[in-house]
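Each residue of the sequence shown is one higher than the last, beginning at 29 in the numbering used here.
Where a beta carbon is used, it is the ideal one built from N, C-alpha and C, also for glycine.
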Amino acid sequence: MLNLSTLLEESARTYPDRDALVLGPTRLTYSQVDAAANQVANLLVDRGIEPGDKVALMCPNLPYFSIVYYGILMAGAVVVPLNVLLKAREVAYHLDDSDAKALFAFEGTPELPIGTEAKTGFDRVDACRELFVITADPATPSPIADTETFAQAVAGQPTSFETVATDADDTAVILYTSGTTGQPKGAELRHRNMRDNALATKALFGCDETRPDTYLCVLPLFHSFGQTVIQNGGFAFGGTVVVLPRFEPGPVIETMLKESVTVFAGVPTMYWGLLGALENGTEVETLAKNLRMAISGGAALPVEIHREVEKRLGVTIAEGYGLSETSPVASFAPYGEPPRPGSIGTPIPGVSMKLIDPASWSEIEWSADAIGEIAIKGHNVMKGYYRREKATAEVIDADGWFRTGDLARRDADGFYYIVDRSKDLIIRGGFNVYPREVEEVLVTHPDVSLAAVVGVPHESHGEEIKAFVILEPGSTLATADLVAWAKTKMASYKYPRLVEFVASLPMTATGKILKRELTRTSTTAAATPSHG
29 MLNLSTLLEE SARTYPDRDA LVLGPTRLTY SQVDAAANQV ANLLVDRGIE PGDKVALMCP
89 NLPYFSIVYY GILMAGAVVV PLNVLLKARE VAYHLDDSDA KALFAFEGTP ELPIGTEAKT
149 GFDRVDACRE LFVITADPAT PSPIADTETF AQAVAGQPTS FETVATDADD TAVILYTSGT
209 TGQPKGAELR HRNMRDNALA TKALFGCDET RPDTYLCVLP LFHSFGQTVI QNGGFAFGGT
269 VVVLPRFEPG PVIETMLKES VTVFAGVPTM YWGLLGALEN GTEVETLAKN LRMAISGGAA
329 LPVEIHREVE KRLGVTIAEG YGLSETSPVA SFAPYGEPPR PGSIGTPIPG VSMKLIDPAS
389 WSEIEWSADA IGEIAIKGHN VMKGYYRREK ATAEVIDADG WFRTGDLARR DADGFYYIVD
449 RSKDLIIRGG FNVYPREVEE VLVTHPDVSL AAVVGVPHES HGEEIKAFVI LEPGSTLATA
509 DLVAWAKTKM ASYKYPRLVE FVASLPMTAT GKILKRELTR TSTTAAATPS HG
């Protein structure tokens with residue numbers, strides 16, 4: 029038997045009274061989290077969920093996420109984490125595509141109505157039978173009509189449960205990723221993929237169970253980075269995970285000081301925000317004293333940010349690289365070695381990487397200036413894309429090598445450096461956005477004839493989404509109106525903030541839009557105060 033939930037169960041047996049999850053004044057010990065997860069597992073079995081069934085979870089960084097996550101695993105079911113920014117149309121797509129039988133969704137806020145979007149999407153998918161609404165106050169009824177609250181559902185459920193025996197190769201989690209083509213696809217990650225990747229963080233971060241770390245989790249838990257590196261990695265070694273639902277520099281700094289955070293992981297835009305909010309003096313000295321590990325991933329970290337963090341906080345940011353399809357960590361900066369700014373490190377133990385010719389899949393002979401597509405093989409590579417054999421075969425060969433679509437070079441010591449992406453994928457603030465999906469939504473507007481979406485440089489988000497739009501003849505649509513409309517149709521990280529109306533688009537002789545030409549002629553997008 030190998031079940032990912034044993035990361036929680038083993039720590040609950042070893043450190044029952046140690047704080048596992050913290051959110052403001054709420055502090056839950058490992059034994060409390062384990063007991064609550066057991067109630068979730070009992071609930072699912074009572075409602076007819078069987079081993080292998082898919083259960084979706086749409087919840088921001090709250091203790092509920094981890095409780096439900098591990099409870100689903102204990103029941104032998106598969107966790108399908110959903111981005112909390114998804115709209116009803118997108119929720120329905122994910123539930124239907126994953127064959128989800130149940131959905132746990134946080135009620136949300138007036139600004140982010142997660143529960144309302146979840147319910148509307150849920151109602152469109154007949155196969156999804158159960159919806160549990162997580163309310164901020166367990167004593168309050170559900171604000172969503174005709175729904176059962178999480179608190180009502182688990183009331184009276186036993187706090188003990190015999191974890192379902194799952195095989196190491198059984199699917200534990202399905203993470204949806206835009207990948208490189210079409211609609212989002214579900215990457216099936218085995219129990220061993222996720223567990224081995226979490227356990228690898230001990231050597232990567234220098235974890236010591238006798239001196240447990242305090243992790244700040246502001247990375248979204250529905251994303252592979254926060255889920256594996258912070259939640260699962262932290263729980264594996266008895267650490268305390270301090271969660272924050274969203275990134276705001278001021279509250280993040282305040283929390284890091286209050287909780288004496290020792291490990292911080294973020295995307296480059298978060299470090300950019302922290303540097304802008306830090307004031308010299310006591311808070312910098314205290315942060316520098318407590319923080320022993322700073323981790324960056326999700327996008328390339330500018331060398332200037334790397335150097336400024338080291339200068340002001342005395343900690344070297346350790347960069348890594350990975351994808352949802354690789355659980356996610358594939359390479360990381362070797363612990364204890366001098367930093368190499370700009371490098372994504374070397375392959376983690378048990379993982380191999382090589383550079384291949386994108387056209388032939390053959391390995392490229394090494395030289396100092398050789399550039400190729402990164403291919404990965406090891407314990408971290410996914411089983412495949414759920415119900416998509418053709419798409420799986422396009423990225424995983426017969427020998428188990430996964431092609432990433434990312435171009436890189438390698439130095440003489442085996443350190444890798446990302447050069448570019450071979451596809452059109454946009455990374456905005458650490459979130460993957462596939463232009464085709466955005467384009468397909470834009471052209472549903474009655475005034476839009478054709479649209480092409482590209483990423484343009486942005487000071488804080490890395491990239492911003494820009495749409496070049498050809499309007500229908502006679503249309504008087506304003507750019508602001510199209511942006512406002514798009515905001516109602518797509519998650520906030522997907523819709524284009526920048527729109528330019530054009531009379532024509534550059535194309536090849538075969539009619540393919542030359543997006544590189546659009547990107548080349550676009551100006552850099554200015555930084556905005558928002559990190560949304």
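Extent of the continuous beta strand (DSSP E) run through residue i
{"i": "His219", "result": "Unbroken run through His219 is the alpha helix (DSSP H), His219 to Leu227; no beta strand (DSSP E)."}
{"i": "Arg438", "result": "Phe430 to Arg438"}
{"i": "Asn460", "result": "Phe459 to Val461"}
{"i": "Ser380", "result": "Val379 to Ile384"}
{"i": "Tyr204", "result": "Thr199 to Thr205"}
{"i": "Ala84", "result": "Lys82 to Met86"}
{"i": "Asp47", "result": "Asp47 to Leu51"}
{"i": "Arg157", "result": "No beta strand (DSSP E) contains Arg157, which DSSP labels as neither H nor E."}
{"i": "Ile454", "result": "Ile454 to Arg456"}
Terminal residues of the alpha helix (DSSP H) in which residue i lies
{"i": "Gly301", "result": "Pro296 to Ala305"}
{"i": "Asn70", "result": "Tyr58 to Asp74"}
{"i": "Leu189", "result": "What sits at residue 189 in the sequence shown is Phe, not Leu. Segment: none, Phe189 is in no alpha helix (DSSP H) and carries neither H nor E."}
{"i": "Met321", "result": "No alpha helix (DSSP H) contains Met321, which is instead part of the beta strand (DSSP E) from Met321 to Ser324."}
{"i": "Tyr121", "result": "Ala116 to Ser126"}
{"i": "Lys286", "result": "Pro277 to Lys286"}
{"i": "Gly261", "result": "Gly261 to Ala264"}
{"i": "Gly143", "result": "Ile142 to Asp151"}
{"i": "Lys418", "result": "Glu417 to Val423"}
{"i": "Arg41", "result": "Thr34 to Thr42"}
{"i": "Leu101", "result": "Pro91 to Met102"}
{"i": "Thr175", "result": "Careful: Thr175 lies outside any alpha helix (DSSP H) and carries neither H nor E."}
{"i": "Ile333", "result": "Val331 to Leu341"}
Buried or exposed (CB count within 10 angstroms, at least 16 for buried), residue i
{"i": "Met381", "result": "buried"}
{"i": "Lys339", "result": "exposed"}
{"i": "Lys213", "result": "buried"}
{"i": "Gly560", "result": "Its pLDDT being 37, under 50, Gly560 is placed unreliably in this model, and the value from its coordinates should be taken loosely. It is exposed - the Cβ of Gly560 has fewer than 16 other Cβ atoms within 10 Å."}
{"i": "Arg544", "result": "exposed"}
{"i": "Thr42", "result": "exposed"}
{"i": "Val497", "result": "buried"}
{"i": "Asp385", "result": "exposed"}
{"i": "Arg239", "result": "exposed"}
{"i": "Asp198", "result": "buried"}
{"i": "Arg548", "result": "exposed"}
{"i": "Thr177", "result": "buried"}
{"i": "Trp300", "result": "buried"}
{"i": "Glu391", "result": "exposed"}
{"i": "Gly76", "result": "exposed"}
{"i": "Gly406", "result": "buried"}
{"i": "Ala495", "result": "buried"}
{"i": "Asp224", "result": "buried"}
{"i": "Asp441", "result": "exposed"}
{"i": "Pro273", "result": "buried"}
{"i": "Leu32", "result": "buried"}
{"i": "Thr283", "result": "buried"}
{"i": "Leu542", "result": "exposed"}
Cβ pair residue i, residue j closer than 9 Å
{"i": "Gly266", "j": "Glu307", "result": "no"}
{"i": "Gly143", "j": "Ser126", "result": "no"}
{"i": "Gly412", "j": "Ala128", "result": "no"}
{"i": "Asp45", "j": "Ser59", "result": "yes"}
{"i": "Ser39", "j": "Val269", "result": "no"}
{"i": "Gly483", "j": "Arg456", "result": "yes"}
{"i": "Thr256", "j": "Met222", "result": "yes"}
{"i": "Leu302", "j": "Ile281", "result": "yes"}
{"i": "Leu435", "j": "Ile402", "result": "yes"}
{"i": "Thr66", "j": "Thr187", "result": "Sequence inspection shows Asn at residue 66; the Thr mentioned does not correspond to that position. Taking 9 Å as the Cβ cut-off, Asn66 and Thr187 qualify as a contacting pair."}
{"i": "Leu329", "j": "Val289", "result": "no"}
{"i": "Thr507", "j": "Glu528", "result": "yes"}
{"i": "Ala346", "j": "Leu510", "result": "no"}
{"i": "Ile404", "j": "Thr432", "result": "yes"}
{"i": "Tyr523", "j": "Tyr444", "result": "no"}
{"i": "Leu35", "j": "Val271", "result": "no"}
{"i": "Pro356", "j": "Ser252", "result": "yes"}
Any C-beta of chain B under 9 Å from that of residue i
{"i": "Met410", "result": "Among the chains of the structure shown, chain B does not appear; only one protein chain is present."}
Three or more C-beta pairs closer than 8 Å, one from the region 162-171 and one from the region 129-139: is that the case here?
yes
Taking 8 Å as the threshold, find out whether the region 291-298 comes into contact with the region 66-73 through three or more Cβ pairs.
no
Under 8 Å: do the region 135-154 and the region 114-124 share three or more Cβ pairs, one atom per stretch?
yes
Runs of alpha helix (DSSP H) lying entirely within the region 471-554, each at least 4 residues, in chain order:
507-517 and 543-549
Between the region 234-251 and the region 416-427, do at least 3 Cβ pairs fall closer than 8 Å?
no
Does the structure place the region 500-518 close enough to the region 98-111 that three or more beta carbon pairs sit under 8 Å?
no
Would the region 491-510 count as touching the region 350-365 if we require 3 or more Cβ pairs under 8 Å?
no
Can you give, in chain order, each stretch of the alpha helix (DSSP H) that sits fully within the region 230-264 and has at least 4 residues?
261-264
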